[in-house]
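Counted from 1, the sequence shown has number 513 at position 471 by my numbering; the numbering is strictly sequential. We treat Cβ as the ideally placed atom computed from N, Cα and C, and that holds for glycine. Since this is a predicted model, take the numbers as computed values, not measurements.
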Amino acid sequence: MPCLGLGKIEYVLEGCVFEVITDCTAVKSLLNMKTPNRHMLRWQIAIQEYRGNMTIVHKDGNIHKNADGLSRWPLPNNIDNPAYVPEEASPQIPIEGISVTDLNTTFFEELRNSDTKDKNCSILCQSLNKDCKDNSVIHALDEVWKKSYDEGRFHLLDGIIYHRTKRTCVMKVVERSFIDLVLKEFHDSPISGPLFEERRIEKVKTCIWWPMWQKDVGEYCKTCDRFQKANKSTGKRLANMIKIQEPSRPWEIFHIDWVTGLTPAGDRSYNSCLVIVDRFIKARIFLPCHKEDTAMETALLIWNRVVSWTCIFTNIISDRDPKFTSALWKNLHQLFGTKLAFSTAYHPQTDGLPERMIQTLEDMVRIFCAYCLEFKDCDVFTYDWCTLLPALELAYKTSFHASSNQTPAILEKGWTPKLTQDPLRKDLTEIHPTAAIFKVMLYKARKHAVRCMEDSFAYVKDKWDKSHATPDYKVGDLVLVSTTNFNNIKGCKTLKDSFTGPFVIEALHGENAVEVELSEEISNKPPTFPVSLISPYKSSDAERFPLRNKITQVIPPFDSSCSKKITKVLKRRKLRTNKLREYLVRYSHPACKDEWLPENNITEATKLLRRLRHTINNNITK
């Protein structure tokens, strides 16, 4: 350490004769050491420049014999120290004023005055006073107050009653104006943050106390309008699984759904696929179509391609708009020529039969036409997803289904269609039953399929109901509607409210669907919603929480132009008067009727007209 210190003050010692006093025994003989080790040799070389000018004197330490430089009191950093380093003077910042925030004394005076007006507080102030010797007045306390008093939780300090728990000691308030002010400060202020009820209770617990304070805090949080609309729904979802009416024969009830997002294929540039699934035998029909098809066009497609095979059916189950399904029924009955007034039951949630079939269809198509590319067989014949549908339909019809434990072809006709692999079985003997035995076989096969489907439904329902709760709604209740499917709300989607409303329930459709009275901004939406997309609304008590009335209501900014979006151009015509072309356009919303517009009034006219010309040219080529 002495050698290291010489290097620190080298600029002072240069050219001077000086004396080094040290308590290290090894340093006193460092200059004249004949066989130093490698560590001592390094220091010996370092101080050779001071030889002749430096004298080393050894003195024992005063406190202990093995003292070193780290245990010595350092020299003060002043002008008497040879290694003095002047300190930088910190800038002087004048203090013009000091602001101290604290509760006004009037707050404590009002708190003391409120205690004199309350019966329980007056009794506590009297009994907690040191001069009081009569404790008989304690029996006049209310049950909540008396219980806390018996537990020794009340203390009187400077005329203010404090409530003590195991870890906190907070002021007590009884006047409603103080309670409303505390609730507003702990919930509506941005500093407190719109946290959930449990965290809000923990914050209030460390600051203030009043009887039934947990109930008031919980109700204040639950009845907050912004809290109910902005927060995501948590916990168990509503809507238990309800068994749909089961058919008694094939093609009596079927599911219908669409596969969209496909690339144009086929001779008419189909971009969607209509999937029809029979509920009894699980048979499938795949029909190529267009995404923009209306209810009438879909009805014509079913009439031309399905009815001749399935005959007249009873019910259609679809996840599309109920208005669309009703219009489809109306158009089909017009085609059938019947006057029977059938009604379509509302099924907000089914067992996922068409969705599972759509997933299977997409997997099969993806194997042959990945990324919507064309498929070539061994004969170099080109296929697309549209030409593959008949083969995929036949493959599924001859495959066993898990719920019915049979193939759809067996349950429908009693025999399996001939396939390409049948020549491999030509040596096998086929059994040809008589008509009576064949009828019994078909009847037993269908009865067995019904039992298998009932067991399958019971298994699925048991798993579903474990994670879902039973809804309890009545006509006239106020509810909030989820904005998940509202695509016409302006602004940032991340900061969009999770719910909007409240709306009044007008009718109940079974246990899992409600019909509400929508506001004018979203009147174009279907008024019927599944219970999984609604949440009960709890109104705030204006008399109990008067400060909440001053909160501004946030109304979602709905975009009315979304419903007028043009998706397809159907026809074109030329006017004789001004020789201008007009085009028949179709809007995205089903409620908007088709209308004729000039090219200047069509958004994205270039792309839409190109599709129209492509369709016209294909029809001319045919």
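The Cβ atoms of His197 and Leu225 lie no closer than 8 Å to each other. In the structure shown, Tyr501 falls within a helical segment according to DSSP collapsed to helix, strand and coil.
In its chain, beyond the 5 residues on either side, Ile63, Thr64, Asp65 have a beta carbon closer than 8 Å to the beta carbon of Lys101. Between the segment 502 to 509 and the segment 537 to 548, the count of Cβ pairs shorter than 8 Å is below three; the stretches do not touch. By the C-beta criterion, the segment 581 to 591 is judged not to be in contact with the segment 548 to 565, since fewer than 3 inter-stretch pairs fall below 8 Å. Residue Ser581 holds the alpha-carbon nearest to the alpha-carbon of Cys263 among Ser581, Arg206, Ser350. Only residues of its own chain outside the window of five on either side were considered, and among them none has a CB closer than 7 Å to the CB of Asp514. For secondary structure counted as the beta strand (DSSP E) over 3 or more consecutive residues, the segment 490 to 575 holds these complete runs in sequence order: 520 to 524, 541 to 550, 555 to 558, 570 to 572. With fewer than 16 other Cβ atoms inside 10 Å of its own Cβ, Cys211 counts as exposed.
In the displayed model, Met96 falls within a strand according to three-state DSSP. In the same chain as Phe228, and ignoring 5 residues on each side of it, the C-beta atoms closer than 7 Å to its own belong to Ser234, Arg242, Lys245, Val246, in chain order.
Here Pro306 has Asn313 as same chain residues with Cβ atoms under 6 Å from its own Cβ, once five neighbours each way along the sequence are excluded. The Cβ atoms of Glu193 and Ser156 do not sit closer than 8 Å to each other. If you check the CB distance, Leu117 and Arg93 do not come in under 8 Å. Below 8 Å, enough C-beta pairs join the segment 159 to 167 and the segment 176 to 188 to call them touching: three or more.
Here Arg628 is not near Thr657, since their CB atoms are 8 Å or more apart. Contact between Ile250 and Val301 does not hold, since the beta-carbon distance rounds to 60 Å and is not under 8 Å. Around the beta carbon of Ile344, 16 or more other beta carbons sit within 10 angstroms, so the residue counts as buried. With fewer than 16 other beta carbons inside 10 angstroms of its own, Lys489 counts as exposed. In the three-state reduction of the DSSP assignment, Asn373 falls in the helix class, which pools H, G and I. Taken atom to atom, the span from the alpha-carbon of Ile98 to that of Glu61 is near 6 Å. Per DSSP, His197 is one residue of the beta strand (DSSP E) stretching across 196 to 199.
When only Cα atoms are considered, Pro253 and Thr148 end up about 23 Å apart. Following the DSSP letters along the chain, one finds Glu129 in no alpha helix (DSSP H), marked with neither H nor E. Gln270 counts as buried, since at least 16 other C-beta atoms from the protein chains shown sit within 10 angstroms of its C-beta. For Glu334, the CB contacts under 7 Å within the same chain, skipping 5 residues up- and downstream, are Thr609, Lys610, Arg628 in chain order. Check the Cα spacing between Ser360 and each of Thr340, Cys353, Asp636, Lys649: the tightest is with Thr340. The DSSP-derived three-state label of Trp252 is coil. Under the three-pair Cβ rule at 8 Å, the segment 49 to 58 does not count as touching the segment 75 to 84. Under a 10 Å Cβ-count criterion, Lys532 is classified as exposed, with fewer than 16 other Cβ atoms of the shown protein chains found around its own Cβ. In its chain, beyond the 5 residues on either side, no residue has a beta carbon closer than 7 Å to the beta carbon of Ser71.
Secondary structure at Trp293: coil, using DSSP grouped into helix, strand and coil.
When C-alpha distances from Asn373 are compared across Ala337, Asn346, Leu199, Leu83, the shortest belongs to Ala337. Pro598: not part of any beta strand (DSSP E); DSSP gives it neither H nor E. Secondary structure of Pro640 (DSSP, three-state): strand. In the structure shown, His205 adopts extended strand secondary structure according to DSSP, grouped into three states.
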